[in-house]
Each structure stands twice: as C-alpha cells, then as structure tokens.
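Reading through the structure tokens given below for one structure.
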Amino acid sequence: MSSPETEKLLYRQLVLTSSSDAIHQVESVIEEIRSELDVKEDVYGNMMVAVTEAVNNGIFHGNEGDPSKKVFVDFEMKHQFRLTVRVKDEGPGFDPNSLSDPTAPENLLTIGGRGVFLMQHLSDEITFSDEGREVEMCFNI
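Just so you know, we're using this note's numbering here: the sequence shown kicks off at 22 and counts up by one.
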C-alpha cells in the first residue's frame with residue numbers, strides 16, 4: 022500500500038514523434054490539466070508557452086526533426102500546488118549556459134534564440150540535465 026507522501030496527485034506521460042503535429046498532443050494534455058486542477062489563467066499561459074517551447078526545441082533542435090527519434094514528456098504532481106514537467110529528447114544535447122543573451126542589444130534583431138530564455142522566465146524553477154537532453158520545469162499552480 023502506498024503512503025500519501027508517495028502517491029502522485031497527477032501523472033501523464035507522452036511519447037511523441039519528432040514532427041510539428043506532436044505539439045497539438047501537448048496542448049491537449051495541458052488543457053486537460055488546466056481543467057482538472059483549476060489552474061489560474063496566468064499560470065496556464067506560462068505552462069503552455071514554456072512546455073510547447075521545450076517540446077519544439079526537443080523536436081527541431083535536439084532530434085533535428087528526425088521522425089525516428091522521440092520526445093518524452095512527463096507531467097507529474099507529487100505535491101499539492103506544484104506541477105513538474107520533464108521534456109527529454111534523443112538528440113546530442115547542448116550546453117544551456119553557452120546560449121547568448123537574447124536581450125543583449127546585439128541579439129535583439131536575431132531570429133530565434135529566445136526559447137530557453139522564455140522557459141527560464143515562465144517557469145517557477147528550471148533544471149537542465151543529461152547534457153541538455155532533458156529539461157525539468159516546475160510550475161506553482
């Protein structure tokens with residue numbers, strides 16, 4: 022028998038192909054979670070942008086759009102009011118600390134390069150692991 026501390030209040034897992042169509046599956050799950058947990062509008066918006074950005078990065082940067090590679094997305098709520106979302110790809114990884122600052126004057130007109138910045142600012146906590154192949158974002162619901 023599991024104790025209340027080990028029970029998950031919510032758990033969803035997606036295994037996505039590396040195609041732009043996969044984003045719709047992620048959006049649907051976020052919408053379900055919003056409804057199930059009565060997530061506030063601002064937190065919902067932050068989750069939608071940050072998580073879809075992480076999945077897009079996994080599909081197009083990590084897996085380079087290779088349909089034979091997968092992106093794994095786990096939504097988990099172990100503690101009331103805190104949702105953790107993990108996104109993992111099968112790419113070569115990257116160093117998130119090596120990214121240039123998209124708010125620096127020389128980068129303001131650059132196309133792209135804002136995804137990780139958005140994820141960092143829209144989540145309440147973010148951690149990269151597995152040489153950049155996995156990102157874990159926490160949202161206070």
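Each residue gets a CB set at the ideal place from its N, CA and C atoms; glycine is no exception.
Does the beta-carbon distance from Lys109 to Glu155 come in below 8 Å?
The residue labelled residue 109 in the question sits at position 88 within the sequence shown. The residue labelled residue 155 in the question sits at position 134 within the sequence shown. Pairing Lys109 with Glu155 gives a Cβ-Cβ distance under 8 Å.
Where Glu152 falls, given that 16 or more other Cβ within 10 Å makes a residue buried
What you label residue 152 is simply residue 131 of the sequence shown in a count that begins at 1. Glu152 should be labelled exposed.
Could you round the C-beta distance between Ala71 and Leu143 to whole angstroms and report it? I think they count as a contact, below 8 Å.
Here residue 71 refers to the residue found at position 50 of the sequence shown. Here residue 143 refers to the residue found at position 122 of the sequence shown. Confirmed, Cβ separation roughly 4 Å.
Compute the distance between the beta-carbons of Val36 and Lys91, then report whether it is under 8 Å.
As a working mapping, residue 36 is identified with position 15 in the sequence shown. As a working mapping, residue 91 is identified with position 70 in the sequence shown. A contact, by the Cβ cut-off of 8 Å.
Grab the span of the alpha helix (DSSP H) containing Leu139 for me, first residue to last.
Here residue 139 is taken as the residue at index 118 of the sequence shown, counted from 1. Leu139 -> alpha helix (DSSP H) spans Gly136 to Leu143.
What are the start and end residues of the alpha helix (DSSP H) that includes Glu48?
Taking the first residue of the sequence shown as position 1, residue 48 is located at position 27. Counting along the chain, the alpha helix (DSSP H) containing Glu48 begins and ends at Ala43 to Leu58.
Between Ser56 and Asn67, what straight-line distance do the alpha-carbon atoms span, to the nearest angstrom?
By one-based count along the sequence shown, residue 56 stands at place 35. By one-based count along the sequence shown, residue 67 stands at place 46. Ser56 and Asn67: Cα-Cα distance of roughly 15 Å.
Do the CB positions of Asn84 and Ser39 come within less than 8 Å of each other?
As a first step, residue 84 is located in the sequence shown; it is residue number 63 there, counting from the start. As a first step, residue 39 is located in the sequence shown; it is residue number 18 there, counting from the start. In terms of Cβ geometry, Asn84 and Ser39 form a close pair [threshold 8 Å].
Pro117 beta carbon less than 8 Å from that of Val137:
Taking the sequence shown and counting its residues from 1, one reaches residue 137 at position 116. Taking the sequence shown and counting its residues from 1, one reaches residue 117 at position 96. Contact: yes.
Could you give the DSSP three-state label for Thr73: helix, strand or coil?
In the sequence shown, counting from the first residue as 1, residue 73 sits at position 52. Taken through DSSP and simplified to helix, strand or coil, Thr73 comes out as helix.
Note down the Cα distance separating Glu26 from Phe102, rounded to an integer number of angstroms.
Numbered from 1 along the sequence shown, position 5 holds the residue referred to as residue 26. Numbered from 1 along the sequence shown, position 81 holds the residue referred to as residue 102. A caution first: Glu26 carries a pLDDT of 49, below 50, which makes its placement in the model unreliable, though a value can still be read off. Near 14 Å, if we compare the C-alpha coordinates of Phe102 and Glu26.
Taking the beta carbon of Leu104 as the centre, do at least 16 other beta carbons fall within 10 Å, making it buried, or is it exposed?
Mapped onto the sequence shown, residue 104 falls at position 83. It counts as buried.
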